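Numbering (the working numbering), first residue to last: 118 to 236. Think of the CB as a built atom: it goes at the ideal place given N, C-alpha and C, for glycine as much as any other residue. Source: prediction; values computed, not measured.
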Amino acid sequence: MARFLVVDDAEYMRRLIGVMLHKLEHEVVGEASSGPEAIELYGTLHPDVVIMDVLMPNVDGIKALQEIRTADPKAKVLMCSASEQAHHVEGSASYGASGYLVKPFTVSDLSEAIKRILP
Numbered sequence: 118m119a120r121f122l123v124v125d126d127a128e129y130m131r132r133l134i135g136v137m138l139h140k141l142e143h144e145v146v147g148e149a150s151s152g153p154e155a156i157e158l159y160g161t162l163h164p165d166v167v168i169m170d171v172l173m174p175n176v177d178g179i180k181a182l183q184e185i186r187t188a189d190p191k192a193k194v195l196m197c198s199a200s201e202q203a204h205h206v207e208g209s210a211s212y213g214a215s216g217y218l219v220k221p222f223t224v225s226d227l228s229e230a231i232k233r234i235l236p
């Protein structure tokens, strides 16, 4: 069982991802609705994996990814977005994202992404 921080500005997405993680027998140790909140909670909770939306108001997921990876270069961050635009995928990868999911995704999609990043 891995410990997850779920970051999305939409509460329904945080809940949906939480339900999926529960089905996969993982634990949600925290939820954040913004980049700054994600950065703060990461430092406090030290989750095994962060699942983070790319597009959020104020500080977006890419900027939060940068900050988290600067503080912890070994951080595992799985980015997700409804956008398939190349610059989001490239931006995530260039800052050390562990993977990228396109919304909407299934439990199976999430499971496969987690298997690729966790030992």
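Could you give the distance in angstroms between the alpha-carbon of residue i and the alpha-carbon of residue j?
i      : j      : result
Ala192 : Glu184 : 10 Å
Ser215 : Val194 : 5 Å
Met118 : Thr187 : 26 Å
Using a Cβ cut-off of 9 Å (strictly closer), state whether residue i contacts chain B.
i      : result
Ile168 : Included in the structure is just one protein chain, with no chain B present.
Please classify residue i: does DSSP put it in a helix, a strand, or coil?
i      : result
Glu144 : strand
Ser215 : coil
Ala210 : helix
Grab the span of the alpha helix (DSSP H) containing residue i for me, first residue to last.
i      : result
Ser228 : Val224 to Ile234
Pro153 : Gly152 to Leu162
What first and last residue would you give for the beta strand (DSSP E) that runs through residue i?
i      : result
Gly178 : Counting along the chain, Gly178 falls outside any beta strand (DSSP E), though it belongs to the alpha helix (DSSP H) covering Gly178 to Ala188.
Let me check one thing: in DSSP terms, what residues is residue i bridge-paired to?
i      : result
Ser198 : Val219
Asp170 : Cys197
Leu138 : DSSP lists no partner for Leu138.
Arg120 : Glu144
On the criterion of 16 or more Cβ atoms from any shown chain inside 10 Å, does residue i qualify as buried, or is it exposed?
i      : result
Asp177 : buried
Tyr129 : exposed
Gly208 : buried
Gly152 : buried
Just to check, is the beta-carbon of residue i closer than 8 Å to a non-hydrogen atom of the ligand GDP?
i      : result
Val176 : What this structure holds is no ligand at all, so the ligand GDP is not there to describe.
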